[in-house]
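**Student:**
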Amino acid sequence: MPKLPTNPADKKQALTSVQLLLILLAILLFLILLFLPLLVVLAQGIANGITAFWQVITESDTLAAFKLTLIAVGVAVPLNVIFGVCAAWVITKYQFKGKQILMTLIDLPFSISPIVAGLIYVLLFGAQSAFYPFLQAWNIQIIYAIPGIILATIFVSVPFVARELIPIMMAQGTHEEEAASVLGANGWQIFFYITLPNIKWALMHGVVLCTARSLGEFGAVSVVSGHIRGYTNTLPLHVEILYNEYNIVAAFSVAILLLIMSLTLLLIRQWIERRLVNELYIGN
Numbered sequence: 006m007p008k009l010p011t012n013p014a015d016k017k018q019a020l021t022s023v024q025l026l027l028i029l030l031a032i033l034l035f036l037i038l039l040f041l042p043l044l045v046v047l048a049q050g051i052a053n054g055i056t057a058f059w060q061v062i063t064e065s066d067t068l069a070a071f072k073l074t075l076i077a078v079g080v081a082v083p084l085n086v087i088f089g090v091c092a093a094w095v096i097t098k099y100q101f102k103g104k105q106i107l108m109t110l111i112d113l114p115f116s117i118s119p120i121v122a123g124l125i126y127v128l129l130f131g132a133q134s135a136f137y138p139f140l141q142a143w144n145i146q147i148i149y150a151i152p153g154i155i156l157a158t159i160f161v162s163v164p165f166v167a168r169e170l171i172p173i174m175m176a177q178g179t180h181e182e183e184a185a186s187v188l189g190a191n192g193w194q195i196f197f198y199i200t201l202p203n204i205k206w207a208l209m210h211g212v213v214l215c216t217a218r219s220l221g222e223f224g225a226v227s228v229v230s231g232h233i234r235g236y237t238n239t240l241p242l243h244v245e246i247l248y249n250e251y252n253i254v255a256a257f258s259v260a261i262l263l264l265i266m267s268l269t270l271l272l273i274r275q276w277i278e279r280r281l282v283n284e285l286y287i288g289n
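Using the numbering used here, read the sequence shown as starting at 6 and increasing by one per residue.
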């Protein structure tokens, strides 16, 4: 039977060995699951040279997919910011019936598969929908068009801003807003001069997470887009189409664009998190 260490130094040495093993295991998993795939994407994307890579990413279909991705993100993120700030304000500053239901609804996209979300929009606005005759009469195309892609992007990314703001605003309480109100400040003045400076870093963090989720959305957008090349394909869908056509190098070349945007957002997120932690530390 092995003898247990009785010397405190032995216990410390045993604990250090366990920690070292866990650190090495974490590094190994990082290399296998994250770093090596990134290297594969980069190697495959430029396998035919920089000139071929540039031709792929400047192709008309790629530029159209890139433009549509930016449009979807550019519409979805500001709307989610407005909703997230309003929802967080109402939840943290007021007491009302149905508050828990509202918080549950905000978390709904986390629990619903993006494929199911896309199917919901198809049922609501597709050819079998009760709204379809009205939409057709007014020549409004939602499914298999850009509005459907924007709606799907909004749905999957809606919780991120609100979920970043709610804990911060709950921890801050309502004392400063109440004091400003007593001193005669109106609602907009309270928000811009009291609330917004206190939540700015958490808000920026939520915007970054919302943007990252919107950029990479595949499932819901795939259902509502119709895969119309050059019109309703976002960058993730364009990568899938190129891969299914066995154009592997072109698929990885377009994937490099998504990788660059993702890494940029990751660096911005790390910077914001550092500022947020510093602000909380100074506040305490």
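Idealized CB from N, CA, C, for every residue including glycine.
(1) I need the straight-line Cα distance from Pro202 to Ile273, nearest angstrom please.
(2) Smallest Cα separation from Leu220: which of Val78, Gln141, Glu183 and Gln60?
(3) Give the range of the alpha helix (DSSP H) segment to which His210 is assigned.
(4) Helix or strand or just coil, what does DSSP make of Gln133?
(5) Enumerated in chain order, which unbroken segments of the alpha helix (DSSP H) with a length of 4 residues or greater are wholly contained in the segment 153–179?
(6) Below 7 Å CB to CB, which residues in the same chain sit around Gln177 once its five sequence neighbours on both sides are set aside?
(7) Glu182 to Leu263, Cα distance in whole Å?
(8) His243: buried (16+ other C-beta within 10 angstroms of its C-beta) or exposed?
(9) If distances are taken between C-alpha atoms only, which option among Ile171, Lys205, Ala217 and Ile154 comes closest to Phe227?
(10) Nearest by alpha-carbon distance to Ala69: which of Ile151, Met209, Gln49 and Leu129 is it?
(11) Going by beta carbon distance, what residues of the same chain come within less than 7 Å of Thr200, once the five residues before and after it are set aside?
(12) The alpha helix (DSSP H) that contains His243, what's its start and end?
**Tutor:** Taking the coordinates as given:
(1) 19 Å
(2) Val78
(3) Element bounds for His210: Leu201 to Gly221.
(4) In the structure shown, Gln133 sits in coil (DSSP, three-state: anything other than H, G, I, E or B).
(5) The qualifying runs are 164–177.
(6) Asn203
(7) 41 Å
(8) buried
(9) First, the residue type needs correcting, since residue 227 is Ser and not Phe in the sequence shown. Among Ile171, Lys205, Ala217 and Ile154, the Cα nearest to that of Ser227 is on Ile154.
(10) Ile151
(11) Here the set comprises Glu182.
(12) Leu240 to Asn249
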